[in-house]
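Undergrad:
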Amino acid sequence: MRVSELASKESRVSSASDAAPQYVITAENLTKRYGDVTAVDGISFRVPAGEAFGLLGPNGAGKSTTMKMIGGVSQRTSGSLDIMGLDPEQHGPEVRAHLGVVPQQDNLDEELKVRDNLLVYGRYFGLPTSYLKPKADELLEFAQLTDKANSKVDALSGGMKRRLTIARSLINEPRILLLDEPTTGLDPQARHILWDRLFRLKEQGVTLILTTHYMDEAEQLCDRLIVVDKGKIMAEGSPASLIREYSTREVLELRFGSERNASVGAELGGIGERVETLPDRVLIYAHDGEAALEQVTARGLRPVTSLVRRSSLEDVFLRLTGRSLVD
Amino acid sequence: MSVLTGNFNTGDHSVTEAARRRRFGPIYSRNVRAVVARGLMATKSSNWMVMASGFFEPVLYLISMGVGLGAIVGSVQGPGGQEISYAAYIAPALLAVSAMNGAVYDSTWNVFFKMNFAKLYQGMLYTSLGPLDVAMGEIFLALLRGAMYATGFTAVMGLMGLITTPWAILMIPASVLIAFGFASFGMGITSFMKTFQQMDWINFIMLPMFLFSATFYPLSVYPQAVQWLIQAMPLWHGVELLRQISVGVFTPATAVHIGYYLVMIALGVLLTTSRLGKLFLK
Numbered sequence: 026m027r028v029s030e031l032a033s034k035e036s037r038v039s040s041a042s043d044a045a046p047q048y049v050i051t052a053e054n055l056t057k058r059y060g061d062v063t064a065v066d067g068i069s070f071r072v073p074a075g076e077a078f079g080l081l082g083p084n085g086a087g088k089s090t091t092m093k094m095i096g097g098v099s100q101r102t103s104g105s106l107d108i109m110g111l112d113p114e115q116h117g118p119e120v121r122a123h124l125g126v127v128p129q130q131d132n133l134d135e136e137l138k139v140r141d142n143l144l145v146y147g148r149y150f151g152l153p154t155s156y157l158k159p160k161a162d163e164l165l166e167f168a169q170l171t172d173k174a175n176s177k178v179d180a181l182s183g184g185m186k187r188r189l190t191i192a193r194s195l196i197n198e199p200r201i202l203l204l205d206e207p208t209t210g211l212d213p214q215a216r217h218i219l220w221d222r223l224f225r226l227k228e229q230g231v232t233l234i235l236t237t238h239y240m241d242e243a244e245q246l247c248d249r250l251i252v253v254d255k256g257k258i259m260a261e262g263s264p265a266s267l268i269r270e271y272s273t274r275e276v277l278e279l280r281f282g283s284e285r286n287a288s289v290g291a292e293l294g295g296i297g298e299r300v301e302t303l304p305d306r307v308l309i310y311a312h313d314g315e316a317a318l319e320q321v322t323a324r325g326l327r328p329v330t331s332l333v334r335r336s337s338l339e340d341v342f343l344r345l346t347g348r349s350l351v352d
Numbered sequence: 074m075s076v077l078t079g080n081f082n083t084g085d086h087s088v089t090e091a092a093r094r095r096r097f098g099p100i101y102s103r104n105v106r107a108v109v110a111r112g113l114m115a116t117k118s119s120n121w122m123v124m125a126s127g128f129f130e131p132v133l134y135l136i137s138m139g140v141g142l143g144a145i146v147g148s149v150q151g152p153g154g155q156e157i158s159y160a161a162y163i164a165p166a167l168l169a170v171s172a173m174n175g176a177v178y179d180s181t182w183n184v185f186f187k188m189n190f191a192k193l194y195q196g197m198l199y200t201s202l203g204p205l206d207v208a209m210g211e212i213f214l215a216l217l218r219g220a221m222y223a224t225g226f227t228a229v230m231g232l233m234g235l236i237t238t239p240w241a242i243l244m245i246p247a248s249v250l251i252a253f254g255f256a257s258f259g260m261g262i263t264s265f266m267k268t269f270q271q272m273d274w275i276n277f278i279m280l281p282m283f284l285f286s287a288t289f290y291p292l293s294v295y296p297q298a299v300q301w302l303i304q305a306m307p308l309w310h311g312v313e314l315l316r317q318i319s320v321g322v323f324t325p326a327t328a329v330h331i332g333y334y335l336v337m338i339a340l341g342v343l344l345t346t347s348r349l350g351k352l353f354l355k
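Protein chains in written order, with my numbering: chain A, 26 to 352; chain E, 74 to 355.
(1) Out of A:Glu284, A:Gly282, A:Thr273, A:Leu250, point me to the one whose CA is closest to Val300 of chain A's CA.
(2) Short check: CB of Arg200 of chain A to CB of His123 of chain A, under 8 Å?
(3) Are the C-beta of Gly110 of chain A and some C-beta of chain E separated by less than 8 Å?
(4) DSSP three-state label for Ala241 of chain E, please.
(5) What separation, rounded to the nearest whole angstrom, lies between the Cα atoms of Leu189 of chain A and Leu165 of chain A?
(6) Do you know offhand how far Asp206 of chain E's Cα is from Val105 of chain E's?
(7) What distance in whole Å lies between the Cβ atoms of Ala161 of chain A and Arg140 of chain A, which are believed to be in contact at a cut-off of 8 Å?
(8) Go through its chain and collect everything with a Cβ distance to Ala260 of chain A's Cβ below 8 Å, but skip five positions before and after it.
(9) Taking Phe70 of chain A as part of the beta strand (DSSP E), name the residues at either end of that continuous run.
(10) Taking 8 Å as the CB-CB cut-off, is Pro128 of chain A touching chain E?
(11) Go through its chain and collect everything with a Cβ distance to Leu223 of chain A's Cβ below 7 Å, but skip five positions before and after it.
(12) Do the stretch 124 to 132 of chain E and the stretch 164 to 179 of chain E meet, that is, are 3 or more Cβ pairs less than 8 Å apart?
(13) Do Tyr310 of chain A and Gly297 of chain A have their C-beta atoms within less than 8 Å of each other?
(14) Going by other Cβ atoms of all chains shown within 10 Å of its Cβ, with 16 needed for buried, is Gln297 of chain E buried or exposed?
(15) Shorter than 8 Å from the beta carbon of Asn189 of chain E to some beta carbon of chain A?
(16) How big is the Cα-Cα spacing for Ser194 of chain A and Leu332 of chain A?
(17) DSSP puts Arg299 of chain A in a beta bridge; with which residues?
(18) Identify every residue that forms a DSSP beta bridge with Ile136 of chain E.
(19) Return the chain-ordered list of same chain residues with a C-beta closer than 6 Å to the C-beta of Ala166 of chain E, the five sequence neighbours on each side being excluded.
(20) Name, going along the chain, the residues of the stretch 72 to 92 of chain A whose beta-carbon falls closer than 7 Å to a beta-carbon of chain E.
(21) Does DSSP classify Lys267 of chain E as helix, strand or coil?
(22) Starting from the C-beta of Asn189 of chain E, find all residues in its chain whose C-beta is less than 7 Å away, skip the five residues before and the five after it, and write them out in chain order.
(23) Who are the Cβ neighbours of Ser99 of chain A in its own chain at under 8 Å, not counting the five residues just before and after it?
(24) Does the beta-carbon distance from Gly75 of chain A to Gly290 of chain A come in below 8 Å?
(25) Against chain E, with Cβ distances strictly below 8 Å, would Glu30 of chain A count as a contact?
(26) Give a yes or no on whether the minimum CB-CB distance between Asn175 of chain A and chain E is below 8 Å.
(27) Which runs of the alpha helix (DSSP H), 4 residues or longer, sit entirely within the stretch 294 to 321 of chain E?
(28) Which residues of chain A have a Cβ atom closer than 7 Å to the Cβ of Ser119 of chain E, listed in chain order?
(29) Please return the same chain residues whose Cβ sits closer than 7 Å to the Cβ of Phe36 of chain E, not counting the five positions on each side in sequence.
(30) So, helix, strand or coil for Tyr178 of chain E, using DSSP?
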């Protein structure tokens, strides 16, 4: 792609709000096989510019593999992929010039100091030192690592490394930010600060692609998400619409003691829309949890504890991907 | 601070936009210098003992075998038929071996480690660098280090009185040529390796090559068939080339030795380039 085409593409992207949505990522039948194992099995999705798009799924669902294919560092087996008008397999460096990537595992340069990590990473993008020096200081401030600027990377705590990785991903002012489980290993304070920063980036038009295990994170950040399991898309929509579609408004959690849960669960049929018996508790999915609890007690059943709560994305997730461990 | 006031990504984007508007290839972004700059910066903090060992290894061999063993051997016949000391005979061979060892180490173990354990390349390849930038940068750094070692070793030879001709200075670029041949091949071979056990095979090939490539005695001691086998191996050509240069004797064979390495470099670069996807993009 030549310079002029790229410029016109950018102007289209920046005026996306007043026209039909411009898709910055279009994946069709994206498939990745490693030998006999199919990590990603024919998934299709489109992400408009400026959206926060989530990939949810258990370990091994194919989320990270999808992220790697978007970055052009993993080659797909079949299907097509279009990032800002380019195929990342044919135009890897050019596509990645627009990306910021936070990989699942920190891959900071352990041989360099904290600030040098940012400077050197910026040079990989071909950015000049005159830009990088103030930018690195700004990002250190952002990651609250200013006083660690000249420390070695090994000397940082896990949370600090994570923050540095995130700061590093912003060095080239990316149009699309790929975040693979960004807050894993962060304490709650750091998570909330990061969410705030990500919100601001989104406000400035940066497209966020996020994988996460944390349902509250997905609910907080994502405009839209797909639930992926065993390489396939199980559901797609906004957090609220997924809850509406795959769960009820409320959930009643009852505990009868671990010996009795199974037998009592069998007697609860007909209450609410769905009853799920777990080893430690029984869940009743109902529009009105309190009403469901009255029905339970009307049947003469006395739970040790009961709790009515709103349905969450976690309920959707567990319903779609099952409760057993994958690996 | 703009980050804290929320104006973090607004303002002037001309610099980052300009960086996006460069010309890119499918696996190359014309930015080898960023990889080299990173390598030089990392060297500053790296372990100098490890760096120094690469210099001292051939020097220690030269002292123990050249001076020690040389006392028993006396003088031997050099490439031009002239009598030279045993130390002067093996010194260029040791330099060729050290060029080989350094290049192979840098392009195999070092690349394997950075790929699979330090995850350094994963970080690089999520930027606009392409696999070719990374490979060329790493090879360049390996050659730069090789040139430094060769310069040091040539200086030691001079101090020990083993250099008798100004031609000997050409051993330095010739060492880089030898190192380039091994490095370009080594990286291609590393792309086939998956475990540390497989990496050990590399040593299994290198050690006999070191011992038998006319390093410590002339090729004529072997039966003809063995001579042919050794002459097919790259190290022998490196040993002979440096040995000729060290005394300033050039024959048609000199061109053959240089040609051998030029072909090796071409094939190695071809192999490595074709395997870059396998090496870097999984």
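Heads up, the beta-carbon is just placed ideally off N, CA and C, and yes, glycines get one too.
TA: Judging by the given coordinates:
(1) A:Thr273
(2) yes
(3) no
(4) helix
(5) 8 Å
(6) 5 Å
(7) 6 Å
(8) Ile251, Val252, Leu267, Glu270, Tyr271, Val341, Leu345
(9) 62 to 73
(10) yes
(11) Leu233, Leu246
(12) yes
(13) yes
(14) exposed
(15) no
(16) 42 Å
(17) A:Tyr310
(18) In the DSSP output, where bridge partners are listed per residue, Ile136 of chain E has none listed.
(19) Thr288, Val312
(20) none
(21) coil
(22) none
(23) Lys57, Thr90, Lys93
(24) no
(25) Since pLDDT at Glu30 of chain A reaches only 45, below the 50 mark, its modelled position is unreliable, and no value is offered.
(26) no
(27) 297 to 305, 307 to 320
(28) Glu136
(29) Shown here, chain E extends from 74 to 355; a query on residue 36 of chain E therefore has no answer.
(30) helix
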